[in-house]
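Down below is the structure, laid out as structure tokens.
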Amino acid sequence: MEKEIILSKKIESISPVLLPEVRASMWQKIESSLIKSKPQPTPSPFLVGILTFRSMTAFILLLTLALGGGATALASDAARPGDLLFPLDRALEDVHLNLAFSTPAREALTKKLTAERLQELRDIINEEVTISPSNVSAGTVATSTDEVNTALSIDTVVFNDTTVIRMEQDGQTFYFETEATTTTDVIVAILGRFPILTVDQITEALTLSIGDRESMPNDKGVIVLSNGGEKRINHAVEEILHFLDKTSDNDSNRKNLMAQLSKEVSGVTGKAEVRHNKDGVHIGSADSKVEITMGDDGTSQVSVRGSGDRIRVEEKDDAVSVRTAEVSDKNEEKSESSQKVDANIAFEVEAKIFNDTTVVKMSFGDQVVSFTTVDDTKADIISAIKEQFPSLTEEQISSQLKIEVENRQSKPEDSGKKEVIVAPLIAPVVGTSTEEQHDDGNKREGDSYESKDKQSDSNITNIKLGEEDHSSRGNDSKANGD
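With full-length UniProt numbering applied, the sequence shown covers 1 to 482.
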């Protein structure tokens, strides 16, 4: 038994000897399995990052400029419409707006950018507008003792930033600025400029009013604007409108910005209004003689209102059409009388909204009055009717107002107009003298203010508005760039 146990242990301790062929076959299998399971190389995390964010390079560059600042960012921030870096300035603003995740932060940033857009417009206006202190050249006025036809008129307006004195006599106008804010100080300032006048003459002609706003270019003198300057101003207005479309989330903000924009533009062009709706941009007002409409589809329309008719010039697809609507004295009397209508009288009001305009018809018994407006919402239409008929309340108008939407262009018969000419104009009309238009514009500028029609019993003193006593300017050296 012991021999068997010893023999079994020896057998277990002896390693088996493999034949060379078997051993080579086994090693070959082991080597082949090692090649198949060889691990693949792992790329560098840095390279992975580059491949992942390569498409975001442009965004990262803008973000770096927006957050990190730098000379380029500062230079672009000072850029204005038309400048080389202006597109970069807009792109940086878009980044800031996209990073403003909370509503208060976005509203605050929008308010800041809105102020910047308006300031850019003001700066361009100040650069491009030339203000002449008088509508006549020096030496064209008669001597101071000559008899004149109209009384001297002195209109003084105290603005928040300056006081503007406007003196007019026989269509000759002169402006100057002063720091005076009281009647006594204004009289002293005028005597310093024109010592030939007496205190009594100035007091009789003087009218002083308070303008609770900043002064505008057309408040300070006769405006001269070049074609290049007009293009720069139009470009700035266009940028503001694009900014409005991008950032304005409610009608209230839109109307407020439009009101501010109208105020800035009116300082250059006189009494004007800028409106923006689905039909495009409208420049003009209800009581102005000219209204310009620029549609988003490339169309344009100019409406000119005269004393006896209204002419409308429309351009679309390179074709120009001219239409006119006669306004009879009878219709004018109806319009005038209807504006003074009794608030208790029964009436009906209908508004038809066409693709190009809105026609409003007011019926007072047998009397019908119609007018057109660019407004296309109920609230705006009510406001337009209220302007035409101030004796009616908004509640009365709203209760009687019927609105219809016509998905087409308006026709002449819709608003009582008859079409006179519809023809493509191949070339502009020749024979109009630019110089005559300019002279006429100057006359309108001079005649745009009503004189007081004061006639004294004695001869009225005629001052030489084109000249002044430089030795007596006193504290008014800042007027007109002096």
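Ideal Cβ positions, reconstructed from N, Cα and C, are used throughout, including at glycine.
As the structure is a computational prediction, the values presented were derived from the model and not from experiment.
- Your pair residue 173 and residue 134 checks out as a contact, with CB atoms roughly 6 Å apart and the cut at 8 Å.
- Taking the CA atoms as reference points, residue 219 sits about 12 Å from residue 130.
- Residue 155 is bridged by DSSP to 166 and 207.
- A direct Cα-Cα distance of roughly 17 Å separates residue 165 from residue 200.
- Around the C-beta of residue 26, fewer than 16 other C-beta atoms lie within 10 Å, and the residue is accordingly described as exposed.
- Here residue 364 is bridged, per DSSP, to 367.
- Rounded to the nearest angstrom, the gap between the Cα atoms of residue 378 and residue 111 is 28 Å.
- Contact annotation, residue 215 with residue 159: C-beta distance approximately 4 Å; criterion of less than 8 Å satisfied.
- Separation of the CB atoms of residue 232 and residue 124 is rounded to 5 Å, and the pair is thereby assigned contact status at 8 Å.
- For residue 209, the closest C-alpha among the options 392, 162 and 368 is that of 162.
- Between the stretch 345 to 361 and the stretch 405 to 415, the count of Cβ pairs shorter than 8 Å is three or higher; the stretches touch.
- Of the candidates 402, 211 and 387, the residue whose Cα lies closest to the Cα of residue 363 is 402.
- For residue 382, the enclosing alpha helix (DSSP H) starts and ends at 378 to 388.
- By alpha-carbon distance to residue 113, the top candidate from 382, 128, 157 and 94 is 94.
- In this structure, the beta-carbon distance from residue 152 to residue 205 falls below 8 Å.
- When DSSP states are grouped into helix, strand and coil, residue 346 belongs to the coil group.
- Judged by beta-carbon spacing, residue 358 lies within the 8 Å limit of residue 374, meaning their Cβ atoms are closer than that value.
- The beta-carbon distance between residue 203 and residue 187, rounded to whole angstroms, is 7 Å. This is short enough to meet the 8 Å contact definition.
- Taking 8 Å as the upper bound for CB-CB distance, residue 371 and residue 396 are not in contact here, some 18 Å apart.
- Residue pairing of residue 352 in beta bridges, as defined by DSSP: 359 and 404.
- Between residue 97 and residue 106, the gap from beta carbon to beta carbon is short of 8 Å.
- For residue 400, same chain residues with a beta-carbon under 7 Å away, outside a window of 5 residues either side, are 347, 348 and 349 in chain order.
- Under the DSSP definition of a beta bridge, residue 238 lacks any partner.
- The three-state reading of DSSP puts residue 395 in helix, counting H, G and I together.
- The beta-bridge partner set that DSSP reports for residue 134 consists of 174.
- Separation of residue 168 and residue 154 (C-alpha to C-alpha, rounded to the nearest whole angstrom) is 7 Å.
- Shown here, residue 184 sits in a helix according to DSSP, grouped into three states.
- Pairing residue 150 with residue 132, the inter-Cα distance amounts to about 23 Å.
- Secondary structure of residue 373 (DSSP, three-state): strand.
- If you look at residue 219, you'll find it in the alpha helix (DSSP H) that goes 217 to 220.
- Straight through space, the alpha carbons of residue 384 and residue 185 are spaced by roughly 43 Å.
- By the CB criterion at 8 Å, residue 236 and residue 99 fall outside the cutoff.
- In this structure, the straight-line span from the alpha carbon of residue 243 to that of residue 230 is close to 20 Å.
- In the three-state scheme derived from DSSP, where H, G and I count as helix and E and B as strand, residue 213 is classed as coil.
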